[in-house]
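Residue numbers (this note's numbering), protein chains in the order written: chain A, 1 to 285; chain B, 286 to 609.
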């Protein structure tokens with residue numbers, strides 16, 4: 001009898017292993033099919049002209065320069081807005097705030113904010129930044145909106161990273177007579193930096209793919225110039241891709257694939273930076 | 286961390302500088318050169334035409350920055366009615382509530398008709414029964430009362446098979462939806478809700494081309510580009526004064542107005558305040574001059590020369606009344 005049970009246990013163990021393997025490969029396979037398809041459709045279309053041309057009704061002449069520059073502007077501005085606020089808020093909540101009912105409500109709400117659909121942030125951004133602050137459909141409005149969108153992600157990731165720093169480190173710092181601010185600046189933040197950076201990159205990787213909230217706040221689709229200030233009108237790669245995907249002519253679908261490749265390069269590059277920094281900054285206790 | 290942070294900020298700044306590409310913005314008005322900015326927003330259907338005109342206009346007046354957005358006809362009219370845009374692309378005429386918004390904000394405007402689109406009714410190529418359809422039958426399929434009731438092909442015409450009918454159509458936020466419901470159901474923005482809706486016509490093409498029991502409608506250009514995957518259904522409006530029997534959409538039948546009621550006019554609306562600006566006047570003239578050729582290039586159906594002349598005359602009249 002017991003041998004039977006043992007065999008059954010081993011079988012269950014094996015079965016679960018293969019189930020886990022299947023799950024892993026399922027995700028990877030889908031990603032491979034998707035990327036393979038995109039590369040197959042769009043790789044031949046990639047060229048210097050594609051990058052430096054403005055949009056055009058003739059698919060073969062169309063390019064992404066205004067969308068690419070719009071994306072870079074938006075990403076840099078979003079990072080400048082969201083990173084300091086996000087890290088600041090997280091450190092306050094983790095290091096300074098008292099554990100009270102108020103703190104718990106704030107905590108709960110930040111977690112909730114991370115789940116709000118992006119289009120809602122678009123509507124909020126349109127009303128507050130677009131109309132109330134009269135920034136219109138500018139890069140600044142877009143960046144502030146995306147900044148709000150990724151703020152919860154940065155706050156949550158930073159708090160987790162700060163939480164993971166061993167108590168003994170900060171206590172050692174206090175023991176040496178350091179103030180709280182000195183401890184945060186010289187002990188906690190450096191020790192938590194790899195986690196924080198990972199969180200920031202994940203957050204920015206989400207922001208770079210957003211089209212819906214930016215369309216709502218007034219991002220355009222045809223922009224025949226490179227934006228030159230935070231108050232410029234703009235478009236971004238996801239909007240350009242969305243626009244091309246919905247065109248009837250097949251040639252625009254090829255352009256869309258090529259645009260997706262560029263966008264993916266950005267995301268991969270950001271992730272590569274995150275991985276590199278994580279390895280370089282890894283601290284062993 | 287300090288090091289990383291400063292690295293990060295430095296690289297941000299470098300990107301920033303890279304993004305600040307120089308853009309010659311000299312407001313040189315010598316030798317007929319115009320400058321300024323023209324803001325267009327609105328319908329995603331009309332977008333390709335406005336994009337094409339803006340692209341050509343740039344070759345002609347390089348210092349005038351023409352931007353085009355994709356907010357949809359309704360979303361665009363909201364901005365237009367607040368005076369945020371100069372021109373609104375529209376795939377249907379302006380609605381009363383949008384007129385009210387314009388009046389509230391003291392905005393006068395005119396419409397300029399620029400091209401036609403033939404809304405095409407399509408089925409799957411394997412569908413061998415549906416070879417024509419009447420407007421009355423389309424109404425029976427799409428009206429709100431049909432929801433949950435008209436589910437089989439033989440409920441529409443008894444000789445059609447006893448199989449399910451799957452419907453594909455424009456999303457309710459689009460001008461295409463408003464126009465289709467207006468002429469088929471008889472009331473704008475009113476239809477059954479249990480159909481596959483998408484703002485992206487390529488999704489509808491995909492759906493109809495892979496579903497034997499499908500029936501859908503979308504712009505003519507999407508049929509033209511996917512002829513091998515779709516079957517076009519001729520539509521009979523049961524009125525003999527504009528062509529007898531069921532008629533297929535084509536450049537000819539849309540142009541000579543026999544493909545009714547599903548051929549629809551496309552418009553741009555122009556704010557009267559914008560008219561005071563020389564570059565806007567010039568742009569609209571350029572638009573009317575080239576709309577025929579360019580709309581055809583991007584998949585729409587041009588109007589006749591005489592119709593473009595009528596639009597030009599109306600535009601000139603509008604300039605005269607609104608220019609001090």
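Glycine included, every Cβ here is placed at the ideal spot set by N, Cα and C.
In this text the structure is predicted, and so the values were computed from the model without any measurement.
Measuring CB to CB, does residue i end up less than 8 angstroms from residue j?
i             : j             : result
residue 230/A : residue 210/A : no
residue 374/B : residue 361/B : yes
residue 278/A : residue 183/A : no
residue 470/B : residue 524/B : no
residue 128/A : residue 82/A  : no
residue 504/B : residue 461/B : yes
residue 568/B : residue 351/B : yes
residue 50/A  : residue 70/A  : no
residue 160/A : residue 195/A : yes
residue 371/B : residue 323/B : yes
residue 27/A  : residue 74/A  : no
residue 450/B : residue 518/B : no
residue 604/B : residue 399/B : no
residue 416/B : residue 497/B : no
residue 353/B : residue 220/A : yes
residue 208/A : residue 267/A : yes
residue 241/A : residue 218/A : no
residue 480/B : residue 454/B : yes
Alpha carbon to alpha carbon, how far is residue j from residue i? Give it in angstroms, no decimals.
i             : j             : result
residue 489/B : residue 5/A   : 55 angstroms
residue 108/A : residue 157/A : 14 angstroms
residue 427/B : residue 433/B : 11 angstroms
residue 340/B : residue 30/A  : 38 angstroms
residue 37/A  : residue 438/B : 37 angstroms
residue 39/A  : residue 84/A  : 37 angstroms
residue 117/A : residue 253/A : 27 angstroms
residue 86/A  : residue 46/A  : 37 angstroms
residue 557/B : residue 602/B : 12 angstroms
residue 247/A : residue 135/A : 31 angstroms
residue 255/A : residue 35/A  : 15 angstroms
residue 270/A : residue 540/B : 52 angstroms
residue 54/A  : residue 586/B : 26 angstroms
residue 152/A : residue 114/A : 5 angstroms
residue 527/B : residue 60/A  : 40 angstroms
residue 530/B : residue 545/B : 11 angstroms
residue 572/B : residue 580/B : 10 angstroms
residue 286/A : residue 43/A  : Residue 286/A cannot be examined here, being either before or after the span of chain A that is shown, 1 to 285.
residue 94/A  : residue 215/A : 35 angstroms
residue 369/B : residue 592/B : 30 angstroms
Taking all protein chains shown into account, do 16 or more other C-beta atoms lie within 10 angstroms of the C-beta of residue i, making it buried, or fewer, making it exposed?
i             : result
residue 511/B : buried
residue 58/A  : exposed
residue 191/A : buried
residue 177/A : exposed
residue 311/B : Because residue 311/B sits at a pLDDT of 38, beneath the cut-off of 50, its placement in the model cannot be relied upon, and the point is left open.
residue 307/B : Residue placement at residue 307/B is flagged as unreliable, the pLDDT there being 37, under the threshold of 50; the coordinate-derived value follows with that caveat. Residue 307/B is exposed by the Cβ-count criterion.
residue 600/B : buried
residue 474/B : exposed
residue 409/B : buried
residue 168/A : exposed
residue 443/B : exposed
residue 381/B : exposed
For a contact defined as C-beta to C-beta under 9 angstroms, what are the partners of residue i on chain A?
i             : result
residue 400/B : Result: empty, since nearest Cβ-Cβ is about 14 angstroms, beyond 9 angstroms.
residue 584/B : 247, 248, 249
residue 487/B : 245, 246, 247, 248, 253
residue 506/B : 247, 248, 249
residue 329/B : 221, 243, 246
Find the residues of chain B that neighbour residue i, judging by a C-beta separation of less than 7 angstroms, and give them in chain order.
i             : result
residue 84/A  : What residue 84/A touches in chain B: nothing, since even the nearest Cβ is about 10 angstroms away.
residue 243/A : 355
residue 233/A : 352
Could you work out which residues of chain A lie near residue i, taking near to mean beta carbons separated by less than 8 angstroms?
i             : result
residue 339/B : 222, 224
residue 510/B : 248, 249, 250
Please compile the residues from chain A whose C-beta is within a distance smaller than 7 angstroms of the C-beta of residue i.
i             : result
residue 353/B : 220, 221, 222
residue 332/B : 221
residue 343/B : 224
residue 376/B : In chain order: nothing, as chain A lies at least about 14 angstroms away.
Does the CB of residue i have a neighbour CB from chain E at under 8 angstroms?
i             : result
residue 463/B : Here the protein chains are A and B, and chain E is not one of them.
For a contact defined as C-beta to C-beta under 8 angstroms, what are the partners of residue i on chain B?
i            : result
residue 55/A : 336, 340
Is residue i a contact residue of the ligand HEM, with contact defined as CB to any heavy atom under 7 angstroms?
i             : result
residue 242/A : The ligand HEM is absent from the structure shown, which contains no ligand whatsoever.
**Prompt:** Does the stretch 400-417 of chain B come close enough to the stretch 341-359 of chain B to have 3 or more Cβ pairs within less than 8 angstroms?
**Reply:** Contact annotation: the stretch 400-417 of chain B does not touch the stretch 341-359 of chain B, with fewer than three C-beta pairs closer than 8 angstroms.
**Request:** Count the C-beta pairs between the stretch 387-398 of chain B and the stretch 269-278 of chain A that are closer than 8 angstroms, then say yes if the count reaches three, no if not.
**Result:** Using a C-beta cut-off of 8 angstroms, the stretch 387-398 of chain B makes no contact with the stretch 269-278 of chain A, since fewer than three inter-stretch Cβ pairs fall below that distance.
**Item:** Touch test, the stretch 315-334 of chain B against the stretch 532-541 of chain B, Cβ-Cβ under 8 angstroms, three pairs minimum
**Value:** With the cut-off at 8 angstroms, the stretch 315-334 of chain B and the stretch 532-541 of chain B do not touch.
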